[in-house]
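Novice: Under my numbering, think of the first position of the sequence shown as 68, with each following residue one higher.
The beta carbon of each residue, even a glycine, is placed where N, CA and C say it ideally should be.
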Amino acid sequence: MSDMPQTPRQKKILLVDDDHDFRWATGNILQTAGYKVVSAQNGDEAFSFLEKDVPDLVLLDYRMPGRNGLQVAGEMKRHMSVVPIIMITAYGEVGSAVEAMKMGVYDYVTKPIDNNDLLFTIARALEKQDLVEEIERLRHVLNERASLYDLMGRSDPIKKLVRHVEKVAPTVFMVLIEGESGTGKELVARAIHDLSEVKDGPFVAVDCGAIPETLIESELFGYMKGAFTGAHTDKPGHFELADGGTL
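Laid out in structure tokens, this is it:
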């Protein structure tokens, strides 16, 4: 296992489980780790809390009386889509937990729970959430065409990212930007472009995954009128459109 991310202090976790002993034991573990814990024994109690406050993370049991965890998670995601949810499930219910992840649940842990794994999963989810929120803030700043130094975020990962951008922006090298969907890869690419020597040239963003394989060549390189059936006019490719700038 890799080193555990630094635990954010006083993040608020909503723990939803019908087992009183489990809530008590797990709540103590989370509080000892530095989290503030609010408990609910079912979905109705959880939503009563959510009417008054929004947690930083939800720890949600799958098997509960009334609405199960999958149903509760679905409703939660409709009302607070950005709050990460971690599903608690028994070994035989892993399939349901995977189904929950398809609808937006961040991850799942299985009972009996390994405390270190639980804390690691929670810390990782909160770290990603902090990063997403910070990137949204940076996206707003970039829309106002601020300088990179105005983008300096509060979190260490963002500060490290900014240093990387500063280092590669003056170069002419190709840059590979990796990250999960929604974490701001295009935003970083735009920042690199805005600090580069070709910042006055075009910035062309292409979602290659959205282009059918049969069309990728013509989209990137363009085509001449009559090159194939349906090519009624010349069409410049993305490489040509980005000439003098960044693709």
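Are the region 75 to 94 and the region 122 to 131 touching, with three or more C-beta to C-beta distances below 8 Å?
Specialist: With the cut-off at 8 Å, the region 75 to 94 and the region 122 to 131 touch.
Novice: Cβ of I202 within 9 Å of Cβ of L254?
Specialist: Indexing the sequence shown from 1 puts residue 202 at position 135. Indexing the sequence shown from 1 puts residue 254 at position 187. Yes, the pair counts as a contact, with Cβ atoms nearer than the cut-off.
Novice: State the DSSP-derived secondary structure class of G59, mapped to helix, strand or coil.
Specialist: Since the first residue of the chain shown is 68 and the last is 314, residue 59 is not available in this structure.
Novice: For the beta strand (DSSP E) that T93 lies in, which residues bound it at each end?
Specialist: Walking along the sequence shown from the start, residue 93 turns up at place 26. No beta strand (DSSP E) holds T93; the alpha helix (DSSP H) holding it covers H87 to T99.
Novice: Looking at C-alpha atoms only, which residue of E247, V271 and T250 is the closest neighbour of R257?
Specialist: For this step, residue 257 is matched to residue 190 along the sequence shown. Minimum Cα distance to R257 is reached at V271.
Novice: Return helix, strand or coil for F240, following the three-state DSSP convention.
Specialist: As a first step, residue 240 is located in the sequence shown; it is residue number 173 there, counting from the start. If DSSP states are grouped into helix, strand and coil, F240 belongs with coil.
Novice: Taking the beta carbon of P303 as the centre, do at least 16 other beta carbons fall within 10 Å, making it buried, or is it exposed?
Specialist: Along the sequence shown, read from residue 1 onward, the residue named residue 303 stands at position 236. Exposed: under 16 other Cβ atoms inside 10 Å.
Novice: Taking DSSP as the reference, what is the three-state secondary structure of T281?
Specialist: The residue given as residue 281 occupies position 214 in the sequence shown. In the structure shown, T281 sits in a helix (DSSP, three-state: H, G or I).
Novice: CA-CA distance, A59 and V273?
Specialist: Given a span of 68 to 314 for the chain in the structure shown, any question on residue 59 remains unanswerable.
Novice: Using only alpha-carbon positions, find the residue among L262, N109 and Q138 that is nearest to L238.
Specialist: Within the sequence shown, numbered from 1, the residue matching residue 238 stands at position 171. Reading off the sequence shown, one finds Thr at residue 238, where the question assumed Leu. Selected option, being the one with the closest Cα: L262.
Novice: If you count every other CB in all the chains shown that lies within 10 Å of the CB of P151, and 16 or more means buried, which is it?
Specialist: Locating residue 151 in the sequence shown gives position 84, where the first residue counts as 1. P151 is buried by the Cβ-count criterion.
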